[in-house]
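Engineer:
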Amino acid sequence: MTSRTVTLLDVARAAGVSKSTVSDALQGSGRVAEATRDRVRAVAEELGYRPNSAARRLRRASTGAVGLHLPATATRLDYYMNLAFGAVERAQEDGLDMVLLAPSGAAGGRIASRVDGLLVIDPEPGDSAVPGLLDAGVPVVTGERYLGPATGPSGAVVCDNAASLTALLDHVTERGARRPALLAPSGSSAWATALRATAGSWGRAHGVAVTLRTVPFAATPAEAEAATLALLAADPAVDAVICAPDGSAPGVLRAATALGRKVGASGARGTSGAGSASGSSGATSTSGAIDGNGRTGEGSRTEHGGPGKPASPGGTDAAAGPVAAGLLVASCVDGTATRGAEPPVTAVDLRPAAYGRACAELLCDILAGRTAPDTVRRHSWSLETRASTGSPG
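Numbering (the working numbering), first residue to last: 61 to 453.
Here you go:
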């Protein structure tokens with residue numbers, strides 16, 4: 061049935077049920093046995109059935125639009141703009157317009173009267189608008205899980221953020237880093253929380269202390285530069301900096317240049333692989349926050365046994381020999397800033413346009429009855445290795 065539009069009647073005939081049963085099964089309404097509902101949905105998917113958007117709006121008095129809520133910092137971040145374009149493109153394929161909601165949000169009931177469903181991206185428990193959006197009375201799909209106490213969404217699309225940071229930490233240690241550091245995002249979103257937790261768990265598992273510095277969720281290059289300068293001044297032995305916020309990597313590169321640190325060369329010379337990177341039994345963990353001006357807050361310093369001392373750039377390590385004043389740089393988010401930097405920066409490509417499409421597709425599927433509520437879908441990422449970690453450009 062590829063030469064014409066597939067109708068409800070086509071699905072009914074193929075599934076061996078009535079047209080009204082097909083309608084109820086796809087909309088999640090009526091008294092339809094679960095086995096019948098599953099069979100109808102499977103047949104509809106196999107035939108390529110898509111509901112008539114105009115007819116659906118007439119039956120349900122729907123608006124023909126869905127809302128998109130982004131973090132307040134989204135307007136200056138490349139990642140969210142690409143995500144939004146992907147979501148708009150996918151919604152239009154189901155005949156739905158996309159309404160960009162003001163960051164401050166609005167009363168849930170008022171929003172529900174204007175849209176059929178909502179996309180809420182990177183919901184922050186501290187965002188006062190999110191609870192009202194989740195309780196708006198329309199289906200809601202979140203990009204990443206919501207960790208707050210409000211009503212859960214109708215569905216979610218998630219990335220394995222722990223795995224992506226693990227891949228970056230594994231990569232820099234394989235390139236010779238012994239003392240990696242993370243410029244971690246502040247806040248309590250699922251992404252920020254996962255990155256901070258993973259830095260600790262990876263360090264414990266590998267016997268390598270990951271130096272953690274907290275920066276704003278959407279840190280600017282200037283803020284990242286100040287944080288990196290303070291970090292390397294406090295702990296010159298750090299030989300790899302992974303920055304989390306989108307677009308902040310150029311600031312880390314500027315800091316390295318200012319300190320004479322050669323980007324792309326590890327501070328630990330003559331070693332490679334995760335095993336050699338974690339070889340110092342005297343690893344030290346330093347934690348504390350750095351504000352936008354690069355000031356270091358009170359932190360804690362924990363020693364992990366053993367008489368060994370970490371090597372300092374430009375100094376000498378009795379076990380490993382002379383140490384080069386190098387610095388590996390990587391980013392948790394790929395984009396224009398990382399690809400166009402000099403040198404280009406190794407980064408995790410979260411495929412934001414495809415992610416936006418995936419979020420919109422799940423919402424469309426829930427609205428059309430093609431997917432049951434409470435569905436969680438996974439979104440894939442890739443690690444793009446570049447010259448900033450000593451990889452070929």
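Even glycine gets a Cβ: it sits at the ideal position worked out from N, Cα and C.
1) Which of helix, strand or coil does DSSP assign to A75?
2) Opposite S391 in the DSSP bridges: which residues?
3) Closest by CA to A210, which one among S188, V159, D220?
4) May I ask you to report which of helix, strand or coil DSSP gives R150?
5) With distances taken from CA atoms, which of C303, A300, G307, P281 is nearest R314?
6) With distances taken Cα to Cα, identify the nearest neighbour of G320 among V92, L410, L289.
7) What does R437 pair with, by DSSP beta-bridge criteria?
8) Cα-Cα, which of V126, S246, S173, P163 is closest to G155?
9) When you compare only the Cα positions, how much space is there between L69 and R411?
10) Identify whether S246 lies in helix, strand or coil by the three-state DSSP scheme.
11) If you follow the beta strand (DSSP E) that A125 is part of, which residue opens it and which one closes it?
12) State the beta-bridge partners of S224 as determined by DSSP.
13) Just the C-alpha distance for P183 and G260, rounded to the nearest angstrom, thanks.
14) According to DSSP, is R91 part of a helix, a strand, or is it coil?
15) Taking the beta strand (DSSP E) that T202 belongs to, which residues open and close that run?
16) By the 10 Å Cβ neighbour count, where 16 or more other Cβ atoms means buried, how is Y109 classified, buried or exposed?
17) With 16 as the cutoff for other CB atoms within 10 Å, does R238 come out buried or exposed?
18) Assuming the contact rule is C-beta atoms closer than 8 Å, L178 and L193 should be a hit. Round their C-beta distance to whole Å, please.
19) Determine contact between the segment 284-298 and the segment 143-161, defined as no fewer than three beta-carbon pairs at a distance below 8 Å.
20) Provide the residue span of the alpha helix (DSSP H) that contains E285, from first to last.
21) Ends of the beta strand (DSSP E) at R417?
22) In the structure shown, what three-state DSSP assignment does L68 receive?
23) Is it right to say R150 is buried, meaning 16 or more other beta carbons lie within 10 angstroms of its own, or is it exposed?
24) Pairs of beta-carbons, one from the segment 212-219 and one from the segment 422-435, closer than 8 Å: are there three or more?
25) Touch check for the segment 267-282 and the segment 227-245: three-plus C-beta pairs under 8 Å?
26) Determine the contact status of V232 and L388, defining contact as a CB-CB distance below 8 Å.
27) L229 and L255: beta carbons closer than 8 Å?
28) Is the distance from the Cβ of G203 to the Cβ of Y415 below 8 Å?
Structural biologist: On the basis of the supplied data:
1) The sequence position of residue 75 within the sequence shown is 15, counting from 1. Note: A75 maps to helix in three-state DSSP.
2) As a first step, residue 391 must be located in the sequence shown, where it is residue number 331. S391 is bridged to C303, A407.
3) Along the sequence shown, read from residue 1 onward, the residue named residue 210 stands at position 150. Cα-wise, what sits closest to A210 is S188.
4) Counted from its first residue, the sequence shown places residue 150 at position 90. Residue state, collapsed to three classes: helix.
5) For this step, residue 314 is matched to residue 254 along the sequence shown. Checking every option, the nearest Cα to that of R314 belongs to P281.
6) Position 260 of the sequence shown, counted from the first residue, corresponds to residue 320. Among V92, L410, L289, the Cα nearest to that of G320 belongs to L289.
7) As a first step, residue 437 is located in the sequence shown; it is residue number 377 there, counting from the start. According to DSSP, which records beta bridges pairwise, R437 is partnered with V217.
8) Within the sequence shown, numbered from 1, the residue matching residue 155 stands at position 95. Of V126, S246, S173, P163, the residue nearest in Cα terms is V126.
9) Taking the sequence shown and counting its residues from 1, the one referred to as residue 69 is at position 9. Taking the sequence shown and counting its residues from 1, the one referred to as residue 411 is at position 351. Roughly 38 Å between the two C-alpha positions.
10) As a working note, residue 246 is residue 186 in the sequence shown. Three-state DSSP puts S246 in coil, outside helix and strand.
11) Here residue 125 refers to the residue found at position 65 of the sequence shown. From DSSP, the beta strand (DSSP E) with A125 extends over 125-129.
12) Position 164 of the sequence shown, counted from the first residue, corresponds to residue 224. Paired residue(s): none; S224 is not in a bridge.
13) Taking the first residue of the sequence shown as position 1, residue 183 is located at position 123. Taking the first residue of the sequence shown as position 1, residue 260 is located at position 200. P183 and G260: Cα-Cα distance of roughly 23 Å.
14) Position 31 of the sequence shown, counted from the start, is the residue given in the question as residue 91. Coil at R91, not helix or strand.
15) One-based indexing of the sequence shown puts residue 202 at position 142. Per DSSP, T202 belongs to the beta strand (DSSP E) from 200-203.
16) Against the sequence shown, residue 109 aligns to sequence position 49. So Y109 counts as buried.
17) Position 178 of the sequence shown holds residue 238. By the 10 Å Cβ count, R238 comes out buried.
18) Counting from 1 along the sequence shown, the entry for residue 178 is found at position 118. Counting from 1 along the sequence shown, the entry for residue 193 is found at position 133. Contact flag correct, Cβ pair sits at about 6 Å.
19) no
20) For the purposes of this step, residue 285 is identified with residue 225 of the sequence shown, where counting begins at 1. Note, E285: alpha helix (DSSP H), 281-294.
21) Mapped onto the sequence shown, residue 417 falls at position 357. Premise fails: R417 lies in the alpha helix (DSSP H), 412-428, not in any beta strand (DSSP E).
22) To locate residue 68, count along the sequence shown from 1; it is residue 8. Residue state, collapsed to three classes: helix.
23) What you label residue 150 is simply residue 90 of the sequence shown in a count that begins at 1. So R150 counts as buried.
24) yes
25) yes
26) For this step, residue 232 is matched to residue 172 along the sequence shown. For this step, residue 388 is matched to residue 328 along the sequence shown. It is a contact, given that the beta carbons lie within the stated cut-off.
27) Indexing the sequence shown from 1 puts residue 229 at position 169. Indexing the sequence shown from 1 puts residue 255 at position 195. No, these two residues do not count as a Cβ contact at 8 Å.
28) In the sequence shown, counting from the first residue as 1, residue 203 sits at position 143. In the sequence shown, counting from the first residue as 1, residue 415 sits at position 355. Yes.
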